[in-house]
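Quick note: the sequence shown uses the working numbering, first residue 648, plus one each step. A virtual CB, placed ideally from N, CA and C, is assigned to each residue, including glycine. From a predicted model like this one, the values you see are computed outputs, not experimental measurements. What follows is one structure encoded as structure tokens, with my remarks underneath.
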Amino acid sequence: MVGATLSAALLIGVTGCAGAESFTVSDLCGRKVDSALVAPFLPKGETLKVDDGISAPEHATAGQPGAADGIGDGATIADRGAMAVQACTYKREERQYIREIDRVDHPANTVERREALQKLLRAHLPVIMKAEGCRP
Numbered sequence: 648m649v650g651a652t653l654s655a656a657l658l659i660g661v662t663g664c665a666g667a668e669s670f671t672v673s674d675l676c677g678r679k680v681d682s683a684l685v686a687p688f689l690p691k692g693e694t695l696k697v698d699d700g701i702s703a704p705e706h707a708t709a710g711q712p713g714a715a716d717g718i719g720d721g722a723t724i725a726d727r728g729a730m731a732v733q734a735c736t737y738k739r740e741e742r743q744y745i746r747e748i749d750r751v752d753h754p755a756n757t758v759e760r761r762e763a764l765q766k767l768l769r770a771h772l773p774v775i776m777k778a779e780g781c782r783p
């Protein structure tokens, strides 16, 4: 199985910019990403915590998970995270690629957060799979 996890508000590869309320993200796990897709998840303020570890079970994607159509072979969007699965060929072997996004707290509005998670997952899944050599 090939997979990746993004956690703590998707803040892997964060670049700080001028001003106390200005952060931009240009890549996730070393792969380019549209910073506008990540912007809704960034907190305002002067500090930013980065956590690129794997989530503990108590932090698993939770909060009314529901299916999201048109993302990989299957995707689920929840209140504080999302997950997608896509069959692929990796080094000439059939695999399942799993992309997980969890522990997301921003935006505060749950509906907006779910919509932003779905947009990010839909756009980023094929990009990260291609970059990692996992072909659908």
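What's the C-alpha gap between R742 and G780?
Rounded to the nearest whole angstrom, the C-alpha separation of R742 and G780 is 11 Å.
Simplified DSSP assignment, three categories, for A755:
In the three-state reduction of the DSSP assignment, A755 falls in the coil class, being assigned neither a helical nor a strand state.
With C-beta atoms as the reference, is V751 less than 7 Å away from F688?
Taking 7 Å as the Cβ cut-off, V751 and F688 qualify as a contacting pair.
Is D749 buried or exposed, if buried means 16 or more other CB atoms sit within 10 Å of its CB?
Buried, since its Cβ has 16 or more Cβ neighbours within 10 Å.
Short of 8 Å in beta carbon distance, which residues of its chain neighbour A709, apart from the five on each side in sequence? Order them along the chain.
Annotation for A709: A725, D726, R727 and G728 place their beta carbon closer than 8 Å to its own, counting only its chain and skipping 5 residues before and after.
Report the three-state DSSP secondary structure of I718 (helix, strand or coil).
Looking at I718 - three-state DSSP - the assignment turns out to be coil, as it is neither helix nor strand.
Can you give the Cα-Cα distance for L768 and G719, rounded to whole angstroms?
So the alpha carbons of these two residues sit roughly 9 Å apart.
With C-beta atoms as the reference, is R746 less than 7 Å away from A770?
No, Cβ-Cβ distance for R746 and A770 is not below 7 Å.
Where R760 falls, given that 16 or more other Cβ within 10 Å makes a residue buried:
It is buried - the Cβ of R760 has at least 16 other Cβ atoms within 10 Å.
Under the three-state reduction of DSSP, which class applies to V672: helix, strand or coil?
Three-state result, V672: strand.
Excluding the five sequence neighbours on either side, which residues of its own chain have a C-beta within less than 7 Å of the C-beta of Q772, listed in chain order?
Going by the sequence as given, residue 772 is Leu instead of Gln. Only residues of its own chain outside the window of five on either side were considered, and among them I718, G719, A731, Q733 and R746 have a CB closer than 7 Å to the CB of L772, listed in chain order.
Can you tell me whether DSSP reads A729 as helix, strand or coil?
Strand, per DSSP.
DSSP three-state assignment for Q711, whether helix, strand or coil:
It is coil, neither helix nor strand.
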